[in-house]
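Notes for the one structure printed next.
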Amino acid sequence: MTRFFITRPIFASVLSIIIVLSGLAAAFKLPIAQYPQIAPPTVTITASYPGASADTLSKTVAAPIEEQLSGVDNLLYFNSSADSSGTLVITATFEVGTNV
Numbered sequence: 000m001t002r003f004f005i006t007r008p009i010f011a012s013v014l015s016i017i018i019v020l021s022g023l024a025a026a027f028k029l030p031i032a033q034y035p036q037i038a039p040p041t042v043t044i045t046a047s048y049p050g051a052s053a054d055t056l057s058k059t060v061a062a063p064i065e066e067q068l069s070g071v072d073n074l075l076y077f078n079s080s081a082d083s084s085g086t087l088v089i090t091a092t093f094e095v096g097t098n099v
């Protein structure tokens, strides 16, 4: 087999070029994500206070919880919303890799 390629160097060169070009073409078609989508861990806190206004809910329930959340390690940010039906939702987002 080696004798075949030694006696036909042009054929060997063309075959090598075809293999390299095929490899390059395949490499560009591979579905590789350099930075995959990773969702950071989140914790959702839901509180219900029937009959309370959104302002009352924000001052009496959300404020103390938000104060405690401010000191939590690896916390990126939190978001809170209160509505007039007496429902409070606080979503805390942590750094990727945090065990919640």
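Residue numbers (numbering that gives the first Met the number 0): 0 to 99. Backbone N, C-alpha and C define an ideal beta-carbon position, used for all residues, glycine too.
For the pair S79 and A61, the CB atoms are nearer than the 8 Å cut-off.
T97 carries a coil assignment under DSSP once its states are collapsed to helix, strand and coil. Taking all protein chains shown into account, L87 has 16 or more neighbouring C-beta atoms within 10 Å of its C-beta and is therefore buried.
Taking the C-beta atoms as reference points, I37 is found no nearer than 8 Å to V99.
As DSSP reads the structure, Y76 sits in a beta bridge with T92.
Your pair T1 and P40 does not check out as a contact, with CB atoms roughly 58 Å apart and the cut at 8 Å.
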